[in-house]
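Per the numbering used here: the sequence shown = residues 1 to 385.
Idealized CB from N, CA, C, for every residue including glycine.
Predicted model only: the values in this text are computed from it and were never measured.
What follows is a single structure, written as C-alpha cells, with notes after it.
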Amino acid sequence: MRWSNPLLLVGTSGLGLLSLWYSLVPVYEWAPRQPFTGHCWYNPFAHAPLVWTRANFHIHTRTWGGLTKGYQEAPTIQRAYRRLGYAWIGLSDYQRINPASPLPLYEHGWNLGKVHQLCFWPRRVVWWDFPLSQTLAMRQFVLERLRPVTGFLVLAHPRFMRSYTGSHLAQLGGYEAIEVLNRFGDSVAEWDSALSSGHFAPILAHDNVHDVENPHQLMSRWTEVLLPEEAPVESLRAALVEGRTVGYKNRTPFPIQGPYPRLQQVEIVGETLLRVRLTLVADSLRLIGQEGRIRRVVYRTDSLTYAIRPDDTYLRFEAYTAQVELYASPLVRGGPKRRGIPPRRPLPSIQGLMAWLFGAFWLLVSLRLWQKRQTKAGYTTRSTA
Ligand SMILES: [Zn+2]
Numbered sequence: 001m002r003w004s005n006p007l008l009l010v011g012t013s014g015l016g017l018l019s020l021w022y023s024l025v026p027v028y029e030w031a032p033r034q035p036f037t038g039h040c041w042y043n044p045f046a047h048a049p050l051v052w053t054r055a056n057f058h059i060h061t062r063t064w065g066g067l068t069k070g071y072q073e074a075p076t077i078q079r080a081y082r083r084l085g086y087a088w089i090g091l092s093d094y095q096r097i098n099p100a101s102p103l104p105l106y107e108h109g110w111n112l113g114k115v116h117q118l119c120f121w122p123r124r125v126v127w128w129d130f131p132l133s134q135t136l137a138m139r140q141f142v143l144e145r146l147r148p149v150t151g152f153l154v155l156a157h158p159r160f161m162r163s164y165t166g167s168h169l170a171q172l173g174g175y176e177a178i179e180v181l182n183r184f185g186d187s188v189a190e191w192d193s194a195l196s197s198g199h200f201a202p203i204l205a206h207d208n209v210h211d212v213e214n215p216h217q218l219m220s221r222w223t224e225v226l227l228p229e230e231a232p233v234e235s236l237r238a239a240l241v242e243g244r245t246v247g248y249k250n251r252t253p254f255p256i257q258g259p260y261p262r263l264q265q266v267e268i269v270g271e272t273l274l275r276v277r278l279t280l281v282a283d284s285l286r287l288i289g290q291e292g293r294i295r296r297v298v299y300r301t302d303s304l305t306y307a308i309r310p311d312d313t314y315l316r317f318e319a320y321t322a323q324v325e326l327y328a329s330p331l332v333r334g335g336p337k338r339r340g341i342p343p344r345r346p347l348p349s350i351q352g353l354m355a356w357l358f359g360a361f362w363l364l365v366s367l368r369l370w371q372k373r374q375t376k377a378g379y380t381t382r383s384t385a
C-alpha cells in the first residue's frame, strides 16, 4: 500500500537511531557498599538554637502549553505559599528554568518510567535522557550528564513508578539528596538503602503541586530547613548540602493550621550518647539505623535518649502525631561522605554492542527502503512525462 512505505521508513529509522542512542551507555565499575564508619559522629543539627523555616522545591507552573498539567502562573503560586508561611520556594517546571522562580531550578526527565531529578542552581538545562525503560547504568549515565552543570542534584520521588529502587540506590553515585516524601509516593525504604550503603543523602519533602487551588495538594509534604527566614538565599545551598533538613508528611487532607513538633535539640555526648528533644510532645518517637532497623521507640514524650552501639553506622529520627510525621536527615559516622560517579570500563558492554548492531541493521534497512522509494519515484516521473 502507498501509505505504508513512509510509515515503515519512519519506523525503521526511528528504531535504528534509538538503538544507537542506547548503545552509548558505558559500563561502570560499581563500588561495593561501604557503610559509614569512624569514631566521630557528624551531626547536621549541632548548631543550637535550632531555627526552622518551611520550604517546597517541587512546584509545577502552567507551561509547555498546558501539556505538563500545571494550572497556575508563578505569582498565584507564590501568594498561596506565602500565605502558608513558607520562606523558600522553587518552581520546578519540566525541562525549563522558570525565570520567576526565587531560585534557579527545574525537573529533569522526559522518559516513560518517571526517572526524574530536581536540578538546583543549574548552569543550563540538560536534554539527555533515555525515553523508554532504563537500566542502572542508564540512570547513572544521566546523573553523569547532569552532575557538572547542576549545583545541587536531587533524585526525585524514587517510589513513584519505582523510578529508583532500593538496589539502584545502593549503587548510584553523583547526587546530593533524595526527595524522600512526595505526594506521588514516599520512599523511606529506598532512602534507608542509600544510607545503609554509605551515601550521605539528606531528606527533602515536597508537595509536587500542580494546582495550588486544590487544598489537598498544598502542604501535603514539606521540608524544614535549619536557617532563619532572613538568611540570604546563598546560605540555602550550604544548608541543603550539609543535611540541615527535616521532612514532614501531613496526615490530614488540608494544610496544617496549628502547632506541630519541631526539633529543638539534637546532641551527641562523648560520641556514645544521642539526645533528641522536640518542641512538643509526640505520640511516638523512633530512631532508625543501618538497613532501616528500628533502634529505639518511645511513646507520648518530647524527648529520646539512646546509647549509641558500636555497630551503628547512621541514625535518623522520626516522630509521629495525629497530624504529622517528621523525618530528620541522618547523623552519620565519620562525616557526610557521598559516592561520586563510578569509573567507566574501557570496553563497551555486550548489551551496548548488541544495541549498536541492532541500530546499524535498522538504519541499513531504512536506507534500502529510501533507495527503493527514490527509484520508484524516478520511474513514475519518467513514465508520466
Ligand atoms: Zn517528577
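Residue i beta carbon near ligand 1 (any heavy atom closer than 8 Å)
i	result
N208	yes
F160	yes
G185	no
G113	no
A156	yes
H116	yes
E190	no
G109	yes
Residues near residue i in its chain [Cβ-Cβ closer than 6 Å; skip 5 each side]
i	result
P202	A177, G243, T245 and S329
L18	none
A100	A74
Q371	none
R296	L287 and Y306
D283	Y320 and T321
E318	R286 and Y327
Under 9 Å between C-beta atoms of residue i and residue j
i	j	result
V225	T53	yes
R251	A322	yes
L181	G289	no
H206	R221	yes
G359	Y22	yes
L273	T305	yes
L331	R316	yes
Q117	L146	yes
I97	V126	no
G173	L143	yes
V115	S167	no
R300	V281	yes
Y28	W64	no
Cβ-based neighbour list, residue i, same chain, cut-off 7 Å, excluding 5 preceding and 5 following
i	result
V212	Q72, T76, I77, A80 and L218
F184	H157, F160 and N208
A31	R339 and P342
T279	P261, R262 and Q264
S366	L9, T12, S13 and G16
M138	V25 and F130
E229	T53 and A87
L112	P131 and L132
Own chain, CB closer than 8 Å to residue i, minus 5 neighbours either side, in chain order
i	result
W120	Before going on, a small fix: residue 120 reads as Phe here, not Trp. F57, G90, L103, P104, L105, T150, G151, F152, L153, V154, R237 and L240, listed in sequence order.
I294	R286, L287 and I288
F407	The structure shown does not extend to residue 407, since the chain spans only 1 to 385, so no value can be given for it.
S196	R33, P35, A170, Q290, E291, G292, T313 and Y314
G38	R333, G334 and G335
P253	P215 and H216
G85	R54
L50	L226, R262, L263, Q264, Q265 and V266
L369	N5, L8, L9 and T12
Check your understanding: Is the segment 264-279 touching the segment 39-53, taking contact as three or more C-beta pairs under 8 Å?
Key -> Taking a contact to require three or more Cβ pairs closer than 8 Å, the segment 264-279 and the segment 39-53 qualify as touching.
**Study point:** beta strand (DSSP E) runs contained entirely in the segment 25-58, provided each spans 3 or more residues
**Key:** Within the segment 25-58, the complete beta strand (DSSP E) runs of at least 3 residues are 52-56.
Point to revise | Inter-stretch contact (C-beta, 8 Å, three-pair minimum) for the segment 293-313 and the segment 348-364 | key: Segments in contact, no.
Exercise for review: Can you check the segment 280-327 for any beta strand (DSSP E) of at least 3 residues that lies completely inside it and give the ranges in chain order?
Suggested key: Segments of the beta strand (DSSP E) lying fully in the segment 280-327: 293-307 and 314-320.
Exercise for review: Identify every run of the beta strand (DSSP E) within the segment 101-162, keeping only runs that are complete inside it and at least 3 residues long; order them along the chain.
Suggested key: You should have 105-108, 117-122 and 150-155.
Practice item. Mind listing, in chain order, the continuous beta strand (DSSP E) runs of no fewer than 3 residues lying wholly within the segment 194-282? Key: Correct list: 203-206, 221-226, 245-250 and 263-269.
Exercise for review: Can you check the segment 322-357 for any beta strand (DSSP E) of at least 3 residues that lies completely inside it and give the ranges in chain order?
Suggested key: For the segment 322-357, whole beta strand (DSSP E) runs of length 3 or above, ordered along the chain, are 324-328 and 331-333.
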